[in-house]
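One structure is given below, encoded as structure tokens.
Protein chains: 2
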Amino acid sequence: MKQYIPLLSQSTLFGGLPEVQLDDILAIAAEKTMNNGEMIFFEGDPADGFYMVAAGMVKIYKLSPNGKEQILHMFGPGEPFGEVPVFAGGVFPANAEAVKNSTVLFFPRKKFVDLVSEKPYLALNMLAVLSKRLRHFTIQVENLSLKEVPARLAGYFLLLSEEQKNTRHVTLNISKGQLAGFLGTIPETLSRMLRKMSDQGLIEVEGRKIRLTDYDGLIDLADTGRLEAAEI
Amino acid sequence: MKQYIPLLSQSTLFGGLPEVQLDDILAIAAEKTMNNGEMIFFEGDPADGFYMVAAGMVKIYKLSPNGKEQILHMFGPGEPFGEVPVFAGGVFPANAEAVKNSTVLFFPRKKFVDLVSEKPYLALNMLAVLSKRLRHFTIQVENLSLKEVPARLAGYFLLLSEEQKNTRHVTLNISKGQLAGFLGTIPETLSRMLRKMSDQGLIEVEGRKIRLTDYDGLIDLADTGRLEAAEI
DNA sequence: GCAATGGCTTGACTTAGATCAAATCCCGTT
DNA sequence: AACGGGATTTGATCTAAGTCAAGCCATTGC
Numbered sequence: 001m002k003q004y005i006p007l008l009s010q011s012t013l014f015g016g017l018p019e020v021q022l023d024d025i026l027a028i029a030a031e032k033t034m035n036n037g038e039m040i041f042f043e044g045d046p047a048d049g050f051y052m053v054a055a056g057m058v059k060i061y062k063l064s065p066n067g068k069e070q071i072l073h074m075f076g077p078g079e080p081f082g083e084v085p086v087f088a089g090g091v092f093p094a095n096a097e098a099v100k101n102s103t104v105l106f107f108p109r110k111k112f113v114d115l116v117s118e119k120p121y122l123a124l125n126m127l128a129v130l131s132k133r134l135r136h137f138t139i140q141v142e143n144l145s146l147k148e149v150p151a152r153l154a155g156y157f158l159l160l161s162e163e164q165k166n167t168r169h170v171t172l173n174i175s176k177g178q179l180a181g182f183l184g185t186i187p188e189t190l191s192r193m194l195r196k197m198s199d200q201g202l203i204e205v206e207g208r209k210i211r212l213t214d215y216d217g218l219i220d221l222a223d224t225g226r227l228e229a230a231e232i
Numbered sequence: 233m234k235q236y237i238p239l240l241s242q243s244t245l246f247g248g249l250p251e252v253q254l255d256d257i258l259a260i261a262a263e264k265t266m267n268n269g270e271m272i273f274f275e276g277d278p279a280d281g282f283y284m285v286a287a288g289m290v291k292i293y294k295l296s297p298n299g300k301e302q303i304l305h306m307f308g309p310g311e312p313f314g315e316v317p318v319f320a321g322g323v324f325p326a327n328a329e330a331v332k333n334s335t336v337l338f339f340p341r342k343k344f345v346d347l348v349s350e351k352p353y354l355a356l357n358m359l360a361v362l363s364k365r366l367r368h369f370t371i372q373v374e375n376l377s378l379k380e381v382p383a384r385l386a387g388y389f390l391l392l393s394e395e396q397k398n399t400r401h402v403t404l405n406i407s408k409g410q411l412a413g414f415l416g417t418i419p420e421t422l423s424r425m426l427r428k429m430s431d432q433g434l435i436e437v438e439g440r441k442i443r444l445t446d447y448d449g450l451i452d453l454a455d456t457g458r459l460e461a462a463e464i
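Sequences listed follow chains H and Y, in order.
Residue 2 in my numbering is what sits at position 2 of the first sequence, and the numbering runs on without skipping anything.
So the mapping is simple: my numbering equals the position in the second sequence, first residue as 1, plus 232.
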């Protein structure tokens with residue numbers, strides 16, 4: 001069960017606090033297995049608990065009236081999702097769908113609230129998790145409204161490069177279509193941008209493997225925004 | 233001091249919990265007065281505490297390299313802000329500026345964390361506040377990436393109309409320039425959209441007073457997206 | 001081996017909205 | 001009442017990115 005630790009240890013801020021009893025928290029969880037593409041919940045569904053990914057991967061997204069999909073988050077093993085309505089009340093604000101065959105844990109709200117009242121450090125951990133998520137959203141809003149697609153894309157590559165230790169060689173963990181949704185654009189546009197960026201020698205694309213051939217150029221692109229037209 | 237209650241009572245979810253001692257929380261706060269336009273903190277500043285608006289109004293925003301401003305939040309009396317780094321660690325992810333002459337309370341992180349360990353219900357209240365903020369961001373991301381400016385604007389009017397009891401007659405509480413920043417656009421575009429919308433009889437604009445002349449039309453616009461060109 | 005399906009790429013076209021520049025309005029001061 | 005400066009509006013233009021329509025791999029199943 002040790003693979004579930006991320007939920008509980010994500011914050012080292014309050015390290016002086018006693019160790020959480022993993023069994024306590026896992027005791028109140030119910031396990032569900034989901035197939036790739038299966039919906040976990042829909043926007044608007046009443047929420048009486050939250051989830052955590054045990055295995056696989058889950059995407060949280062919104063749809064526009066004409067079907068364009070904006071991915072808000074992708075969550076992997078150990079990451080909780082759908083907590084908002086548990087604390088704020090009401091309904092799920094977005095859709096959740098398994099993007100691989102996955103196992104998720106469900107935590108009924110009542111049980112969790114009871115538990116959290118007993119164990120304050122659990123609440124502090126949860127606060128840290130929500131705070132980090134809030135920060136991610138801050139960045140996402142900034143990206144969507146202040147940066148153009150190439151800048152967002154460059155930023156995404158740099159992020160990947162930090163996550164994966166191989167500084168110059170990253171591998172997409174999602175399909176390009178999904179990546180487009182995550183960046184707030186559409187597959188066609190993403191495809192063109194990838195092409196432009198490789199034309200300019202910033203990257204080399206081979207399927208899901210991306211070589212970052214001009215790291216500094218990417219950094220520059222990521223925050224100053226503009227992708228110059230290729231001048232031979 | 234009763235005007236500070238919103239922080240503590242925003243969640244009725246956990247109503248069974250004992251009443252918070254307002255004095256406890258206010259005891260650890262320091263008061264600052266700010267002039268209109270004065271900065272409270274900058275993006276990247278190290279954070280050792282969070283704030284709450286006591287009087288006036290504060291905007292939280294990001295800037296693009298070329299100066300465009302995206303407002304993330306506007307906070308009024310009783311609303312806490314800048315809590316994210318307190319729980320997630322690190323630095324402020326955006327700028328905070330007083331948009332009126334204002335008074336803010338500052339809560340040093342260490343003192344607050346100590347207090348929260350003693351009073352679990354305080355943490356639960358904080359969780360509720362952060363969760364609601366997270367939900368707002370969900371909506372903001374959706375708006376920015378999936379909806380066009382007229383739809384966002386219509387949505388904003390409908391929101392205002394709910395907040396202010398007068399169903400057909402709303403008053404902007406911020407300048408149009410600020411509103412543009414909040415909607416992720418620029419003043420020129422906002423101005424044109426307001427014009428289009430009044431040309432179509434959806435609203436009537438008179439300074440900061442807006443009459444919602446076609447409520448159903450606005451609802452339609454807010455979620456199906458498109459503003460038809462005015463015929464004739 | 002060869003449909004066939006889904007993911008990706010490409011091209012031609014359209015459009016929402018940003019930029020630039022110039023009025024004009026509005027309001028608190030002097 | 002005249003002044004000055006910010007806020008707002010308007011017009012002309014430009015551009016990033018979305019839409020529509022085809023074609024192209026590349027895998028999976030038959």
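By construction, the Cβ of each residue, glycine as well, lies at the ideal position given by its N, Cα and C atoms.
For H/Asp223, the neighbours in chain Y by C-beta distance under 8 Å run, in chain order, Pro297. Under the Cβ criterion of 9 Å, H/Phe106 is not counted among the residues facing chain Y. Here H/Gln200 is not bridged, per DSSP, to any residue.
Rounded to whole angstroms, the gap between the alpha carbons of Y/Asp280 and Y/Val381 is 37 Å. Contact check for Y/Leu354 against H/Phe87 fails: the beta carbons are separated by 9 Å or more.
Counting the other CB atoms within 10 Å of its CB gives Y/Thr399 a total below 16, which places it among the exposed residues.
The beta carbons of Y/Met271 and Y/Asn327 sit about 7 Å from each other, so the pair counts as a contact at 8 Å. Excluding its 5 nearest sequence neighbours in each direction, H/Lys62 has C-beta neighbours in its own chain below 6 Å: Gln70 and Ala94, listed in chain order. Here H/Phe75 really is in contact with H/Val53; their C-beta atoms are around 5 Å apart, less than 8 Å. Contact note: Y/Leu378 reaches chain H through Lys62, Ser64, Lys68 and Gln70, using a C-beta cutoff of 7 Å and chain order. Collapsing the DSSP output to three states places Y/Thr335 in a strand.
In this structure, H/Val116 keeps its C-beta atom at 9 Å or more from the C-beta atom of H/Pro80.
Against chain Y, a Cβ distance below 7 Å from H/Met74 picks out nothing, because the smallest value is about 14 Å.
With the criterion set as a beta carbon lying under 9 Å from some beta carbon of chain H, the members of the region 309-334 of chain Y are Glu315, Val316, Pro317, Val318, Phe319, Ala320, Gly321, Gly322, Pro325 and Ala326, in sequence order. For the region 139-207 of chain H, the full-length alpha helix (DSSP H) segments reaching 4 residues or more read 149-163, 176-182 and 187-199 along the chain.
Membership of H/Glu118 in the alpha helix (DSSP H) is indicated by the continuous run Arg109 to Glu118.
Within the region 354-369 of chain Y, those residues whose Cβ lies closer than 8 Å to any Cβ of chain H are, in chain order, Ala355, Leu356, Met358, Leu359, Ala360, Leu362, Ser363, Lys364, Arg365, Leu366, Arg367 and Phe369. One alpha carbon belongs to Y/Ala287, the other to H/Leu159, and they sit about 39 Å apart. When Cβ-Cβ separations below 9 Å define contact, H/Ser117 makes contact with chain Y. Spanning the alpha carbons of Y/Leu450 and H/Arg133 requires a straight line of approximately 32 Å. The beta-carbon distance between Y/Lys379 and Y/Glu329, rounded to whole angstroms, is 27 Å. This is too long to meet the 8 Å contact definition.
In the DSSP assignment, H/Pro85 is bridged to no other residue. Per DSSP, H/Asn36 lies in no beta strand (DSSP E) segment and is marked neither H nor E. By the 16-neighbour rule on beta-carbons within 10 angstroms, Y/Glu315 is buried. For Y/Ala262, the closest of Y/Phe344, Y/Leu444 and Y/Leu337 by C-alpha to C-alpha distance is Y/Leu337. Close to Y/Gly409, with beta-carbon spacing below 9 Å, lies no residue of chain H; the smallest spacing is near 15 Å. Straight-line spacing of the CA atoms in H/Asp199 and Y/Tyr283 works out to 48 Å. Using a Cβ-Cβ cut-off of 8 Å, H/Gln164 is close to nothing in chain Y; its nearest Cβ partner there is about 22 Å away.
Interface with chain H (9 Å Cβ-Cβ cutoff): Y/Ile371 is included. Among the residues of chain H, those whose CB is under 7 Å from the CB of Y/Pro352 are Ser117, Pro120 and Ala123, following chain order. Here Y/Phe369 is buried: its Cβ has 16 or more other Cβ atoms, across all protein chains shown, within 10 Å.
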